[in-house]
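Chemist:
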Amino acid sequence: MAEEALGIGQRDELLANIRQLSRIVLDRLEQGSKEGTLDQAQIRLLGSIAMKSLGLWQEALNPRPRRGLRKEVRDIEDGISDENAGRSSG
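Sequential numbering of the sequence shown, starting at 1473, is according to the numbering used here.
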């Protein structure tokens, strides 16, 4: 019982840390986009960090491995990269 409570406490702390990381990254991405202070590499990096933190969030909430999650994340990252490439060339 005590081990289970410790596990729940650690999980809650992990979720809080992931939430904080996600919030910081998304705020910086939004602020940089509005101000135009981010270059394409920084946008891709922050977008990638945000996607990975959301993947960690899902994994922490549902510890069972989800099939296809990595592919789903890669597809989303590729879509973001393609969208950003279209903006810079257009």
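Think of the CB as a built atom: it goes at the ideal place given N, C-alpha and C, for glycine as much as any other residue.
Quick one: give me the first and last residue of the alpha helix (DSSP H) that Gly-1508 is part of.
Modeler: Neither: Gly-1508 is in no alpha helix (DSSP H) and is coded neither H nor E.
Chemist: Look at the alpha carbon of Asp-1511 and the alpha carbon of Asn-1489, and state the distance between them as a whole number of angstroms.
Modeler: Each residue's Cα considered, the two are about 27 Å apart.
Chemist: For Ala-1532, which residues from the same chain have a beta carbon less than 7 Å from its beta carbon, with the 5 sequence-adjacent residues on both sides left out?
Modeler: Here the set comprises Arg-1483, Leu-1486, Leu-1487, Ile-1490.
Chemist: Please return the same chain residues whose Cβ sits closer than 7 Å to the Cβ of Arg-1500, not counting the five positions on each side in sequence.
Modeler: For Arg-1500, where only same-chain residues beyond five positions count, the Cβ hits under 7 Å are Leu-1518.
Chemist: Mind checking whether Asn-1556 and Ile-1515 have CB atoms under 7 Å apart?
Modeler: A contact, by the Cβ cut-off of 7 Å.
Chemist: Between Gly-1527 and Val-1545, how many whole angstroms is the CB-CB distance? I'm expecting something under 8 Å.
Modeler: That pair is a contact at about 5 Å.
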